[in-house]
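Peer 1: In the working numbering, the protein residues as written are 737 to 987.
Every residue, glycine too, gets a C-beta built ideally from N, C-alpha and C.
Since the structure is predicted, the reported quantities are computational estimates derived from the model, not experimental observations.
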Ligand code: G
Ligand code: G
Ligand code: MN
Ligand code: NA
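Right, dumping it as structure tokens:
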């Protein structure tokens with residue numbers, strides 16, 4: 737309860753920060769952009785990760801103002817990076833179930849992109865498979881609204897939820913993000929390798945970009961590239977860091 741009260745004040749007190757994790761081309765090419773990941777610089781407890789406060793924010797509805805702040809901050813940052821010469825970079829922002837089903841999502845996204853003078857295709861919204869499955873018809877409508885605007889959609893944590901292939905086929909997504917559970921033991925587990933390989937084949941046939949997350953070793957990186965992943969993300973390639981460190985690492 738105390739944490740919830742503090743969280744209510746955290747936005748006004750400027751205690752929320754975004755870290756950015758780079759997304760790389762799997763073929764050894766460079767950074768194509770970043771995923772924004774929120775943290776809370778708590779005055780007493782130090783830097784808190786999203787797992788400690790996103791669930792509270794979701795239950796209380798605070799995720800809506802928090803999510804608006806994240807989107808605005810991430811777009812402001814991307815604007816700066818574009819102006820600094822990295823005009824091809826894109827930004828990925830995570831959406832919680834409540835944000836995703838909010839009636840104001842489309843207007844907020846549109847207004848935020850306009851405010852920062854960003855082309856919609858530079859923004860990717862990440863929705864988990866489970867979120868997108870909650871109310872299929874409503875989700876499809878939201879997703880169509882977003883893609884009509886030109887925003888990209890990534891299905892996050894793919895492989896851990898229960899989406900049917902029929903639904904996936906109807907979904908106007910642009911990217912599948914293979915959950916890190918399939919990446920962890922990839923090198924010594926033939927089943928995981930087979931799963932990754934099938935997700936790649938599925939994604940190809942649906943014309944989706946394939947991203948693997950949780951890449952922690954050079955061996956995993958090479959294997960995922962061989963299996964046909966387009967983009968990679970993980971500690972081996974780049975950890976989530978603040979904006980300044982992100983730019984320094986990418987330069
Ligand atoms: O940053 P970290 O790897 O600890 O993130 C843990 C979880 O929190 C991930 O599932 C991630 O998608 C989620 N998360 C991180 N930032 C945000 C955010 O800005 N909004 C929402 N809704 N979830 C986030
Ligand atoms: O659910 P989502 O994909 O948004 O999760 C992002 C989370 O994954 C962040 O909390 C981030 O810190 C974490 N993460 C990023 N790269 C790695 C990695 O290589 N290994 C592990 N274990 N976690 C990672
Ligand atoms: Mn994500
Ligand atoms: Na994920």
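1) If you draw a straight line from the alpha carbon of residue 966 to that of residue 860, how long is it in whole angstroms?
2) Using alpha carbons as the reference points, say which of 810, 760, 740 and 801 lies closest to residue 950.
3) Contact check, residue 814 vs residue 854 under 8 Å by CB: the rounded distance?
4) Relative to ligand 3, what is the chain-ordered list of residues with a Cβ closer than 6 Å to any of its non-hydrogen atoms?
5) My guess is that residue 946 and residue 935 are in contact by the Cβ rule of under 8 Å, so how many angstroms apart are they, rounded?
6) Report buried or exposed for residue 925, applying the criterion of at least 16 other Cβ atoms within 10 angstroms of its Cβ.
7) Report yes or no: do three or more beta-carbon pairs, one from the region 786 to 797 and one from the region 845 to 854, lie closer than 8 Å?
8) Please find out if some non-hydrogen atom of ligand 2 comes closer than 7 Å to the beta-carbon of residue 916.
9) What separation, rounded to the nearest whole angstrom, lies between the Cα atoms of residue 829 and residue 927?
10) Do residue 873 and residue 913 have their CB atoms nearer than 8 Å?
11) Secondary structure at residue 771, three-state DSSP: helix, strand or coil?
12) Between residue 678 and residue 758, what straight-line distance do the alpha-carbon atoms span, to the nearest angstrom?
13) Report all residues from its chain with a CB closer than 8 Å to the CB of residue 762; omit the five preceding and five following residues, and keep chain order.
14) Could you tell me if residue 971 is buried or exposed, where buried requires 16 or more neighbouring beta carbons within 10 angstroms of its beta carbon?
15) For the beta strand (DSSP E) that residue 782 lies in, which residues bound it at each end?
Peer 2: According to the structure shown:
1) Near 15 Å, if we compare the C-alpha coordinates of residue 860 and residue 966.
2) Looking from the CA of residue 950, the closest CA among 810, 760, 740 and 801 belongs to 760.
3) Their Cβ separation, rounded to whole angstroms, is 6 Å, which keeps residue 814 and residue 854 in contact under 8 Å.
4) Near ligand 3, residues with a Cβ at less than 6 Å from any of the ligand's heavy atoms are 771, 830, 862 and 892; the list follows chain order.
5) Correct: roughly 7 Å between the Cβ atoms.
6) Classification of residue 925: exposed, given that the 10 Å Cβ count is below 16.
7) Verdict: no, contact absent.
8) Yes, Cβ of residue 916 sits closer than 7 Å to a heavy atom of ligand 2.
9) One C-alpha to the other measures close to 31 Å.
10) Going by C-beta atoms, residue 873 is not nearer than 8 Å to residue 913.
11) Looking at residue 771 - three-state DSSP - the assignment turns out to be strand.
12) Look at the range of the chain in this structure, 737 to 987, and you will see that residue 678 is not part of it.
13) In its chain, beyond the 5 residues on either side, 948, 957, 960, 961, 965, 966, 967 and 968 have a beta carbon closer than 8 Å to the beta carbon of residue 762.
14) With fewer than 16 other Cβ atoms within 10 Å, it is exposed.
15) Start and end: 782 to 784.
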